[in-house]
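Number of protein chains: 2
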Amino acid sequence: EPPVTETTAQRAIDGKTKPLGALGALEPCAIRLALLQQTLAPRIDHARICVFGADHGIAEEGVSAYPRAVTAEMMRNFARGGAAINVLARTNDTDVEVIDVGVDADLSALSSLRHAKVRHGSRNMLREAALSEDELAQALEVGASAVRRAVRAGMDVVGLGEMGIGNTTAAAALLSALTGRAPELTVGAGTGVHGEALTHKRDVVTRALALHGSRRAAQSARECLRRVGGLELAAMAGATLEASRHPVVLLVDGFISTVSVLAAAYMAEESAEGSSTLLRRVFLSHRSTEVGHVIAIEALAALSGRALRPLLELDMRLGEGSGAVLTVPLLRAAAAIMSDMATFAEAGVSAGEQAPSHEDSGR
Amino acid sequence: EPPVTETTAQRAIDGKTKPLGALGALEPCAIRLALLQQTLAPRIDHARICVFGADHGIAEEGVSAYPRAVTAEMMRNFARGGAAINVLARTNDTDVEVIDVGVDADLSALSSLRHAKVRHGSRNMLREAALSEDELAQALEVGASAVRRAVRAGMDVVGLGEMGIGNTTAAAALLSALTGRAPELTVGAGTGVHGEALTHKRDVVTRALALHGSRRAAQSARECLRRVGGLELAAMAGATLEASRHPVVLLVDGFISTVSVLAAAYMAEESAEGSSTLLRRVFLSHRSTEVGHVIAIEALAALSGRALRPLLELDMRLGEGSGAVLTVPLLRAAAAIMSDMATFAEAGVSAGEQAPSHEDSGR
Chain A
212 EPPVTETTAQ
222 RAIDGKTKPL
232 GALGALEPCA
242 IRLALLQQTL
252 APRIDHARIC
262 VFGADHGIAE
272 EGVSAYPRAV
282 TAEMMRNFAR
292 GGAAINVLAR
302 TNDTDVEVID
312 VGVDADLSAL
322 SSLRHAKVRH
332 GSRNMLREAA
342 LSEDELAQAL
352 EVGASAVRRA
362 VRAGMDVVGL
372 GEMGIGNTTA
382 AAALLSALTG
392 RAPELTVGAG
402 TGVHGEALTH
412 KRDVVTRALA
422 LHGSRRAAQS
432 ARECLRRVGG
442 LELAAMAGAT
452 LEASRHPVVL
462 LVDGFISTVS
472 VLAAAYMAEE
482 SAEGSSTLLR
492 RVFLSHRSTE
502 VGHVIAIEAL
512 AALSGRALRP
522 LLELDMRLGE
532 GSGAVLTVPL
542 LRAAAAIMSD
552 MATFAEAGVS
562 AGEQAPSHED
572 SGR
Chain B
212 EPPVTETTAQ
222 RAIDGKTKPL
232 GALGALEPCA
242 IRLALLQQTL
252 APRIDHARIC
262 VFGADHGIAE
272 EGVSAYPRAV
282 TAEMMRNFAR
292 GGAAINVLAR
302 TNDTDVEVID
312 VGVDADLSAL
322 SSLRHAKVRH
332 GSRNMLREAA
342 LSEDELAQAL
352 EVGASAVRRA
362 VRAGMDVVGL
372 GEMGIGNTTA
382 AAALLSALTG
392 RAPELTVGAG
402 TGVHGEALTH
412 KRDVVTRALA
422 LHGSRRAAQS
432 ARECLRRVGG
442 LELAAMAGAT
452 LEASRHPVVL
462 LVDGFISTVS
472 VLAAAYMAEE
482 SAEGSSTLLR
492 RVFLSHRSTE
502 VGHVIAIEAL
512 AALSGRALRP
522 LLELDMRLGE
532 GSGAVLTVPL
542 LRAAAAIMSD
552 MATFAEAGVS
562 AGEQAPSHED
572 SGR
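Chains as they are written, first to last, in full-length UniProt numbering: chain A, 212 to 574; chain B, 212 to 574.
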């Protein structure tokens, strides 16, 4: 069979019984799926969200509206199936795998979790690097092995999710370290930090950046991740790097996971490999209201050399992979348009007069 | 059991294990479902899209990029399951019922369609009223009976869809007649009408309005629908009026269906009943790129006394109920959040310090 190209995929979608372009954002999505799976009959049958949980040393600095204990409490909630991600996965026919990569509590009794704890939380980045080189390598591998398990289980989509009190702070620091953008642009309210508490959170990130340096100062993306990242951030970066070796969709959630994917993309860019194979797998699910998300998306778009727009804009800011799981039906829909819709020729429908642009409904 | 109020529903959602408001637009949606179904455990199990097909006399004036024959051809495509709505309904676990309310062709051999033809297309509104009073009454009843069938079949959601060459012209004329807004604001590209053809389409609508009058000139919404509407527009209005008698979600698609719902809402407003019961059923699915959609949404919001925002913004403009069907998973998700998520108390998760506003992910 000849390879599927952008041109053949575009021609296939344009032959379907609908005005050209009338399915909007689903159409480029369908084309990307056809290219990734190298077939004009792409399928999204099986999807899994991998939720990585970890604690953060920086939480000692009072950067979250919730106590640190909530990370472990929410892991128990995941294990019992009561959290948003569990509920949303059930209504969207999607698997969930919850992985303890670094929660500061003994969760070993919870049999429905995956146990891969590297450390009881990252170190406080105001005093030292969040992770040692060895811890970073282990956390990257935890993410990579989650993707390999998902691929072995026949997943077409691997979605990223996370849980970790303090992780909007770590993600903001990492985003600033990766892009050179000021903390004013990357630090947001997280779970609900406003006013003086938000000023304090920005100050914490500013101090962490002063201590640890950035890519602007010629520090590698990997070293940024080690110094100001965290265990679940590293696991999601490892998952992203591994995903580039398989024809799977890597479905990004909100702010935290987008920053992790960005770190992985820079790591790939800094290697012989480059980032283009990786970026072909990346699908953005939703636009979070967390202030730094737009910065992370722009940076990823700049690497991709094309505009990136999340499919959903629902003003969500929960994490856990909740935006990713809600996007699975749209991926299934996009694949099905390409695979299952009749063409004008097959259906005996008259083509219109016009070309490239049309509108709503009717015809 | 005490009735479910806005306050009890809001309290229920705020008790779930997530930062307050972190599920964004899904939360008000969950609250509306709880109020409509009068339970704190709402369910969206069964959904059906009713697709009403009809031709338009105004299509003689060359207002569409597609020949009139396409209406019948697409009805055959629906019957064989090859159109976008069929494909999307399958991936979203949703029923489709396609109803011939006025296609200008003999479709009686197609057993998978519902046959309720009132007339072989509406009349040309540049010469006379699109429908007689009797035809309007019949078309309204076709829509009403579709909703009754859906309710008897146990549907929690009835979505609106349509197919009809020329129907963006009729919908634009109806929207202008209902709201008094100029054709420049209501007439758009439809399936792909640009430049001189678009100017011609606007001119056709302007002439139709001059002939038939508007609500501004004290004409009833029903009379506007009769004079410048069409058979599928009337059927969707009839479906909307009937939906107000049942505790179902009425899921609106794009431009055409929103205009039909608006006509029904004004009809209810002009009757002893008022429009509030009806408007409680109305859920907007997606924002179409057709120019007049925003006008129709604003008018509906003004009647509702609250902002209305479609859940999806995917730059779609296909009709057929394609936006509605893509929204069904989001309704299921919203219901499940309210029904199935654990509370902080149930899950033993510590509550945060803060109140009303938070951000993405982490915590």
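The C-beta atom is built at its ideal place from N, Cα and C for all residues, glycine as well.
In this text, all values refer to a predicted model and were calculated from it rather than measured experimentally.
Contacting residues, own chain, Cβ-Cβ under 6 angstroms from residue i (five flanking each side not counted)
i      : result
B/E258 : This sequence places Ala at residue 258 of chain B; Glu is not what is there. Excluding residues within five positions, the ones whose Cβ falls inside 6 angstroms are T305, V368 and V539.
B/A252 : S550
B/V309 : V262, F289 and L324
B/S572 : Unreliable positioning characterises B/S572 in this predicted model, as indicated by a pLDDT of 40, which lies under 50. A coordinate reading is not provided.
A/A510 : T390 and L473
A/V281 : I376
B/E272 : V415
B/A450 : G354, A357 and V358
A/G370 : I260, L462, G532 and A535
A/P394 : S387, R413, V416 and T417
Other residues of its chain near residue i: CB distance less than 8 angstroms, five sequence neighbours each side excluded
i      : result
B/I548 : I224, K227, L234, L237, E238 and A241
A/V502 : L396, T397, V398, G399 and A400
A/G534 : D464, G465, S496, H497, S499, P521, L523, L525 and M527
B/A512 : A518 and L519
Extent of the continuous beta strand (DSSP E) to which residue i belongs
i      : result
A/E373 : V368 to M374
B/L377 : Residue identity differs from the one stated: residue 377 of chain B is Gly in this sequence, not Leu. No beta strand (DSSP E) contains B/G377, which DSSP labels as neither H nor E.
B/V281 : Run containing B/V281: none in the beta strand (DSSP E); it sits in the alpha helix (DSSP H), A280 to R291.
B/L537 : Here B/L537 belongs to no beta strand (DSSP E); instead the alpha helix (DSSP H) covers S533 to D551.
B/L495 : V493 to L495
Whether residue i touches residue j by CB criterion (7 angstroms)
i      : j      : result
A/G313 : A/R325 : no
B/L495 : B/V463 : yes
A/L247 : A/P458 : yes
A/E284 : B/V560 : yes
B/A381 : B/G441 : yes
A/A350 : A/A445 : yes
A/R413 : A/I506 : no
B/A419 : B/M286 : no
A/A476 : A/L514 : yes
A/A432 : A/E481 : yes
B/R254 : B/A454 : no
B/L299 : A/A544 : yes
A/S468 : A/M447 : yes
B/V493 : B/L542 : no
A/V470 : A/L529 : no
Buried versus exposed call for residue i [16 or more other C-beta atoms within 10 Å across all chains shown]
i      : result
B/R338 : exposed
A/T410 : exposed
B/E373 : buried
B/G365 : exposed
B/D266 : buried
B/P213 : exposed
B/S322 : exposed
A/S275 : buried
B/T302 : buried
B/A320 : exposed
Residue range of the unbroken alpha helix (DSSP H) whose run includes residue i
i      : result
A/R259 : Per DSSP, A/R259 belongs to no alpha helix (DSSP H); it is in the beta strand (DSSP E), A258 to A265.
B/G313 : Counting along the chain, B/G313 falls outside any alpha helix (DSSP H), though it belongs to the beta strand (DSSP E) covering D306 to G313.
B/V463 : Looking at the DSSP string, B/V463 is not in any alpha helix (DSSP H); the run it does join, the beta strand (DSSP E), is V460 to V463.
A/P394 : P394 to T397
A/A340 : Per DSSP, A/A340 belongs to no alpha helix (DSSP H) and is neither H nor E.
B/I242 : L237 to Q248
B/I224 : E217 to D225
A/E344 : E344 to R363
B/V414 : In the sequence as presented, Val is not what sits at residue 414 of chain B; that position holds Asp. G406 to H423 is the extent of the alpha helix (DSSP H) around B/D414.
B/G449 : L442 to A454
B/N297 : A295 to T302
Close-in-space but distant-in-sequence residues of the same chain around residue i (CB under 7 angstroms, 5 per side omitted)
i      : result
A/A555 : In the sequence as presented, Ala is not what sits at residue 555 of chain A; that position holds Phe. If we look at A/F555 and ignore the five residues flanking it on each side, its Cβ neighbours are G226, T228 and A562.
A/G332 : A265, D266, H267, G268, G313 and D315
B/V215 : A245, L246, Q249, T250 and L251
A/L490 : A476, L514 and S515
B/H569 : Residue confidence is low: B/H569 scores 37 on pLDDT, short of 50, so the model does not pin down where it sits. No coordinate-derived value is stated.
Whole-number beta carbon distance between residue j and residue i, since they are thought to touch under 8 angstroms
i      : j      : result
B/D311 : B/G264 : 6 angstroms
A/M334 : A/A327 : Met is not the amino acid found at residue 334 of chain A; the sequence shown has Arg there. That pair is no contact at about 18 angstroms.
A/R243 : A/E344 : That belief does not hold up - the Cβ atoms of A/R243 and A/E344 are roughly 35 angstroms apart, past 8 angstroms.
Neighbour flag for residue i against chain E, beta carbons, 7 angstroms
i      : result
B/R222 : Here chain E cannot be found, since the structure's protein chains are A and B.
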